[in-house]
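Participant:
Protein chains: 2
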Amino acid sequence: MNKTQITIKDIGRALNISPSTVSRALKNHPDISQQTKDSVNKYAKDFHYKPNTLALSLRMSKNNTIGVIVPELVHYFFSSILSGIEQVANQQNFNVIICQSSENYENEVRNTKALISTRVSGVLACLSKHTTNYDHFQEIIDSEIPLVFFDRICIGIHTDRVVVDDYSGAFSAVEYLIQTGCKRIAFYSSPIHLEISKNRKNGYLDALRKYNIPIDESLIYVCDTREEAIIITPEILDRPDRPDGFFAINDHCASGIMYAVKLAKLRIPQDISIFGFSDGELAKACDPMLSTVEQHGFEMGKNAATLLLAKINGENQGQFTNKIVKTNLIIRGTTR
Amino acid sequence: MNKTQITIKDIGRALNISPSTVSRALKNHPDISQQTKDSVNKYAKDFHYKPNTLALSLRMSKNNTIGVIVPELVHYFFSSILSGIEQVANQQNFNVIICQSSENYENEVRNTKALISTRVSGVLACLSKHTTNYDHFQEIIDSEIPLVFFDRICIGIHTDRVVVDDYSGAFSAVEYLIQTGCKRIAFYSSPIHLEISKNRKNGYLDALRKYNIPIDESLIYVCDTREEAIIITPEILDRPDRPDGFFAINDHCASGIMYAVKLAKLRIPQDISIFGFSDGELAKACDPMLSTVEQHGFEMGKNAATLLLAKINGENQGQFTNKIVKTNLIIRGTTR
């Protein structure tokens with residue numbers, strides 16, 4: 073037994089690089105230069121580095137549990153993702169424990185620490201919409217716990233990822249609105265630093281471009297909840313050049329638009345068409361029922377859990393998969 | 073250090089009583105006879121029993137995490153309970169991890185084992201609707217992990233409990249239907265072995281009795297999802313003596329009734345009144361918006377977490393609180 077067993081952190085300090093760089097160098101990660109890999113490997117060999125014995129012993133006593141971090145459980149999309157995750161996990165005799173960030177960065181940090189300390193075998197995560205610093209996720213990787221992002225992903229951290237085909241979903245929805253006669257289409261988005269917002273906005277813009285509809289930035293709003301939509305929509309409907317179509321980033325937001333449109337005594341879909349994104353019980357409870365982009369949360373959950381379990385079982389080390397789940401349009405009563 | 077340290081199980085075997093009886097006797101629980109307490113205490117003293125050192129050492133290394141077991145995250149009621157739990161827990165610097173039983177007994181058993189093995193400091197649980205055996209919850213207590221039930225509780229296990237005032241909520245809703253002219257009121261219930269079903273059914277029956285409306289068992293159905301309601305309601309609306317009012321055990325079920333009533337070209341509320349139970353975004357997305365019993369999930373979550381944290385902090389040992397959260401009626405467009 074070597075009492076002075078060195079750690080990844082020791083190597084990092086000695087070579088003046090971060091522990092995560094050391095970790096990735098030891099795993100032969102493509103992002104790390106050959107020079108760095110060589111010096112890390114030499115140092116590790118010279119000082120008899122062995123993989124973190126604490127992490128290893130924890131791994132040995134692992135409890136076959138997957139931790140999931142989701143922004144908001146109240147959304148049907150996330151609960152259907154969880155059902156997909158649970159189906160795959162339970163088949164392989166893994167438990168699933170869930171943490172909710174409530175769209176709050178501090179909660180998300182707390183969640184990652186809790187999952188590390190409860191010695192989960194792997195983590196599936198979807199970013200809170202207010203997260204712009206990702207160190208807490210790097211900590212999961214540095215703790216040698218496999219991590220897979222789903223839906224709202226982090227570009228800066230190298231992991232497997234599963235995303236909805238946001239661009240195509242948005243493009244098709246907006247194209248449908250145009251093809252059914254809408255000429256001025258408003259877009260209600262989540263905060264624009266999120267990848268899903270960027271991709272859906274690009275889909276929206278490209279559909280307008282394809283049909284030579286001028287882009288009007290004054291029709292693009294950051295608004296992604298029912299409550300916000302109820303507040304901001306009346307003013308937009310009062311504009312002399314009011315939109316004749318709305319594309320909302322989720323169904324909750326779309327249901328708020330519907331509320332405001334009815335309140336303004338405008339007809340859905342004759343005066344105003346509305347397209348959502350998600351599809352769950354809420355979309356069907358709306359009257360008329362909501363046209364929306366079905367994003368197959370259950371499939372996404374199954375894919376994410378499958379990728380994570382492969383990593384937990386030691387497969388595909390050093391490779392990262394980017395899985396895209398296709399969407400399709402569900403046409404109901406809120407569009408012509 | 074006594075190598076042959078005896079355990080609660082040893083005492084139970086020696087005295088031919090269950091470990092949980094021993095555990096409760098040692099805690100001076102009111103349900104245990106004085107005679108049993110005396111013999112347990114004498115045996116424990118004679119054989120130098122000390123509280124489970126493993127559980128104790130785990131407790132020492134506790135990770136300030138509360139585990140929550142819920143039936144279905146997709147329901148607004150449960151997600152609002154979780155928000156209440158998280159608010160109280162986070163204030164006291166506790167993390168919250170959530171397990172979903174998906175209304176499945178086997179999953180619930182798996183969840184309890186996972187929470188015990190991840191060394192949570194305490195457990196909050198709401199029964200799956202198919203659970204009729206409660207040994208897995210007794211196991212939590214035998215592992216000396218504080219347990220509090222909320223909403224769907226277990227009568228047989230002695231814990232703190234937080235319930236909605238189901239009886240009064242149901243009574244008031246049905247009374248409102250009667251006062252606004254309904255004479256034949258159908259009741260859609262969850263499985264009747266659940267306490268919430270029994271209490272809401274009693275509220276329904278007592279309201280009918282108060283107004284001398286004959287009880288017709290053929291108007292009581294086990295049906296608690298939107299999908300089931302869509303399937304069974306058309307037939308009920310076809311009856312020559314069809315109901316003129318529906319009281320549904322949750323809003324999802326009520327939204328399914330609304331769908332079927334509209335399909336049958338009957339008017340809401342002129343021909344048929346509908347009352348739900350829960351209140352969330354779904355109720356507001358319905359058109360007309362759903363009259364429902366608001367059951368204050370957030371308050372329930374706060375109460376449950378407060379009771380649990382008190383037990384975790386060593387307060388109120390041997391005492392069990394039965395907290396009842398009041399409901400109130402939200403009258404909207406589906407009632408006259």
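If you read the protein sequences in the order shown, they are chains A and B.
Under this note's numbering, the first residue of the first sequence is numbered 73, with each subsequent residue one higher.
Under this note's numbering, the first residue of the second sequence is numbered 73, with each subsequent residue one higher.
A virtual CB, placed ideally from N, CA and C, is assigned to each residue, including glycine.
When you compare only the Cα positions, how much space is there between Ala-127/B and Ser-215/B?
Facilitator: As a first step, residue 127/B must be located in the second sequence, where it is residue number 55. As a first step, residue 215/B must be located in the second sequence, where it is residue number 143. Summary for Ala-127/B: the model assigns pLDDT 45, below 50, so the residue's position carries little reliability, and this model does not support an answer.
Participant: Would the region 330-340 of chain A and the region 216-232 of chain A be scored as touching if the rule is three or more Cβ pairs under 8 Å?
Facilitator: The region 330-340 of chain A vs the region 216-232 of chain A: no contact.
Participant: Can you name the residues of chain C whose CB is closer than 7 Å to the CB of Ala-161/B?
Facilitator: Given the protein chain composition of this structure (A and B), no chain C is represented.
Participant: Is it the case that the region 239-248 of chain B contacts the region 362-370 of chain B, given that we only count it when at least three CB pairs across the two stretches are under 8 Å?
Facilitator: Flag = yes, the region 362-370 of chain B and the region 239-248 of chain B touch.
Participant: Would you list, in chain order, the members of the region 350-370 of chain A that have their beta-carbon closer than 7 Å to a beta-carbon of chain B?
Facilitator: So the list reads Glu-353, Leu-354, Ala-357, Cys-358, Asp-359, given in the order they occur along the chain.
Participant: Taking the C-alpha atoms as reference points, what is the distance between Leu-130/A and Val-146/B?
Facilitator: The residue you call residue 130/A lines up with position 58 of the first sequence. The residue you call residue 146/B lines up with position 74 of the second sequence. Confidence in Leu-130/A is poor, its pLDDT being 42 and thus under 50, which makes the residue's placement unreliable; the coordinate value appears in the next sentence. Approximately 33 Å between the Cα atoms of the pair.
Participant: Given this structure, state the Cα-to-Cα distance separating Lys-114/B from Ile-141/A, to the nearest angstrom.
Facilitator: Taking the first residue of the second sequence as 1, we reach residue 114/B at position 42. Taking the first residue of the first sequence as 1, we reach residue 141/A at position 69. Going by the C-alpha atoms only, they are around 49 Å apart.
Participant: Check whether the Cβ of Ala-97/A lies closer than 8 Å to any heavy atom of the ligand NAP, and answer yes or no.
Facilitator: Of ligands this structure carries none, so the ligand NAP is not represented either.
Participant: Per DSSP, what kind of secondary structure is Leu-126/B in: helix, strand or coil?
Facilitator: To locate residue 126/B, count along the second sequence from 1; it is residue 54. A caution first: Leu-126/B carries a pLDDT of 42, below 50, which makes its placement in the model unreliable, though a value can still be read off. Leu-126/B: helix per DSSP, three-state reduction.
Participant: Strictly by DSSP, which residues pair up with Cys-171/B?
Facilitator: In the second sequence, the residue the question calls residue 171/B occupies position 99. Its beta-bridge partners are Ile-141/B.
Participant: Going along the chain, which residues of its own chain have a beta-carbon closer than 6 Å to the beta-carbon of Ser-133/A, five neighbours each way excluded?
Facilitator: One-based indexing of the first sequence puts residue 133/A at position 61. Any reading at Ser-133/A must be qualified, since the residue scores a pLDDT of 49, below 50, and its modelled position is unreliable; the value itself is stated next. Same-chain partners within the cutoff: there are none.
Participant: Beta-carbon within less than 7 Å of Leu-249/B's beta-carbon, same chain only, minus the 5 sequence neighbours each way: which residues are those?
Facilitator: In the second sequence, the residue the question calls residue 249/B occupies position 177. So the qualifying residues of the chain are Ile-257, Gly-317, Phe-319, Ser-345, Phe-347, Thr-407.
Participant: Please determine, among Pro-286/B, Asp-310/B, Glu-300/B, the residue with the shortest C-alpha to C-alpha distance to Ile-321/B.
Facilitator: In the second sequence, the residue the question calls residue 321/B occupies position 249. Cα-wise, what sits closest to Ile-321/B is Glu-300/B.
Participant: Please report the distance separating the alpha-carbon of Asp-237/A from that of Phe-222/A.
Facilitator: If you number the first sequence from 1, residue 237/A lands on position 165. If you number the first sequence from 1, residue 222/A lands on position 150. In a straight line, the C-alpha of Asp-237/A is about 12 Å away from that of Phe-222/A.
Participant: Looking at the unbroken beta strand (DSSP E) that takes in Val-220/A, where does it start and where does it end?
Facilitator: Position 148 of the first sequence, counted from the start, is the residue given in the question as residue 220/A. Element bounds for Val-220/A: 219-222.
Participant: Provide the residue span of the beta strand (DSSP E) that contains Lys-395/A, from first to last.
Facilitator: As a position in the first sequence, residue 395/A is number 323, starting the count at 1. Start and end: 394-397.
Participant: Starting from Ile-257/B, follow its DSSP beta bridges and name the residues at the other end.
Facilitator: Residue 257/B sits at position 185 when you count from the first residue of the second sequence. Gly-317/B, per the DSSP bridge assignment.
Participant: Can you pull the DSSP bridge partners for Asn-400/A?
Facilitator: Residue numbering aside, residue 400/A sits at position 328 when the first sequence is read from its first letter. According to DSSP, Asn-400/A bridges with Glu-366/A.
Participant: Under 9 Å, CB to CB, which of the residues in the region 309-326 of chain A have a partner in chain B?
Facilitator: Taking 9 Å as the Cβ-Cβ cut-off against chain B, the residues of the region 309-326 of chain A that qualify are Asp-323, His-324.
Participant: Look at Pro-306/B and Ala-326/B and say whether their C-beta atoms are less than 9 Å apart.
Facilitator: Sequence index remark: in the second sequence, residue 306/B carries index 234 (1-based). Sequence index remark: in the second sequence, residue 326/B carries index 254 (1-based). Result no, Cβ atoms of Pro-306/B and Ala-326/B do not sit closer than 9 Å.
Participant: Can you tell me which of Leu-219/B, Gln-172/B, Cys-171/B puts its alpha carbon nearest to the alpha carbon of Thr-378/B?
Facilitator: Taking the first residue of the second sequence as 1, we reach residue 378/B at position 306. The shortest C-alpha separation from Thr-378/B is found at Leu-219/B.
Participant: Starting from the C-beta of Ala-116/B, find all residues in its chain whose C-beta is less than 7 Å away, skip the five residues before and the five after it, and write them out in chain order.
Facilitator: Stepping through the second sequence from its first residue, residue 116/B is reached at position 44. Answer for Ala-116/B: Ile-83, Leu-98, listed in chain order.
Participant: Using a C-beta to C-beta distance shorter than 9 Å, which residues of chain A count as neighbours of Leu-381/B?
Facilitator: As a first step, residue 381/B must be located in the second sequence, where it is residue number 309. Per Cβ cutoff of 9 Å: no residues; Leu-381/B is ~16 Å from chain A at best.
Participant: Run through the DSSP bridge pairs and tell me what Ser-350/B is partnered with.
Facilitator: As a first step, residue 350/B must be located in the second sequence, where it is residue number 278. BP columns for Ser-350/B point to Glu-366/B.
Participant: Grab me the residues of Leu-338/B's own chain with a C-beta within less than 6 Å of its C-beta, minus the 5 sequence neighbours each way, in chain order.
Facilitator: Numbered from 1 along the second sequence, position 266 holds the residue referred to as residue 338/B. Result list for Leu-338/B: Ile-344, in chain order.
Participant: Using DSSP with H/G/I as helix, E/B as strand and the rest coil, what is Ile-344/A?
Facilitator: Position 272 of the first sequence holds residue 344/A. Three-state DSSP puts Ile-344/A in coil, outside helix and strand.
Participant: Please state the DSSP three-state secondary structure of Gly-228/A.
Facilitator: As a first step, residue 228/A is located in the first sequence; it is residue number 156 there, counting from the start. Looking at Gly-228/A - three-state DSSP - the assignment turns out to be coil, as it is neither helix nor strand.
Participant: Just the chain B side, please: which residues come within less than 8 Å of Tyr-148/A by C-beta, in chain order?
Facilitator: Taking the first sequence and counting its residues from 1, one reaches residue 148/A at position 76. Residues of chain B passing the Cβ test: Val-146.
Participant: Is the beta carbon of Pro-263/B sitting closer than 9 Å to the one on Val-294/B?
Facilitator: Within the second sequence, the letter at position 191 stands for residue 263/B. Within the second sequence, the letter at position 222 stands for residue 294/B. Their beta carbons are under 9 Å apart, which means Pro-263/B touches Val-294/B by this criterion.
Participant: Which word fits Lys-273/B, buried or exposed, when buried means at least 16 other C-beta atoms lie within 10 angstroms of its C-beta?
Facilitator: Residue numbering aside, residue 273/B sits at position 201 when the second sequence is read from its first letter. Result: buried.
Participant: With distances taken Cα to Cα, identify the nearest neighbour of His-202/A among Arg-96/A, Ser-152/A, His-265/A.
Facilitator: Here residue 202/A corresponds to residue number 130 of the first sequence, with the count starting at 1. Nearest option by C-alpha distance: His-265/A.
Participant: Look at the Cβ atom of Ile-170/B, then the Cβ atom of Cys-198/B, and state whether they are nearer than 9 Å.
Facilitator: The residue given as residue 170/B occupies position 98 in the second sequence. The residue given as residue 198/B occupies position 126 in the second sequence. For Ile-170/B and Cys-198/B, no; Cβs fall outside 9 Å.
Participant: Measure the C-alpha to C-alpha separation of Pro-143/A and Thr-297/A and round it to an integer number of angstroms.
Facilitator: The residue you call residue 143/A lines up with position 71 of the first sequence. The residue you call residue 297/A lines up with position 225 of the first sequence. So the two alpha carbons sit approximately 13 Å from each other.
Participant: Which residues in chain A sit within 9 Å of Cys-171/B, going by Cβ to Cβ distance?
Facilitator: By 1-based counting over the second sequence, the position of residue 171/B is 99. The answer, in chain order, is Asn-167, Val-168, Ile-169, Ile-170.
Participant: Measure from the C-beta of Ala-197/A to each C-beta in chain B and report whether the shortest distance is under 9 Å.
Facilitator: Stepping through the first sequence from its first residue, residue 197/A is reached at position 125. No, no contact with chain B.
Participant: Which residues in chain B sit within 9 Å of Thr-137/A, going by Cβ to Cβ distance?
Facilitator: Here the question's residue 137/A lines up with position 65 in the first sequence. By Cβ distance, chain B contributes Ala-186, Ser-189, Thr-190.
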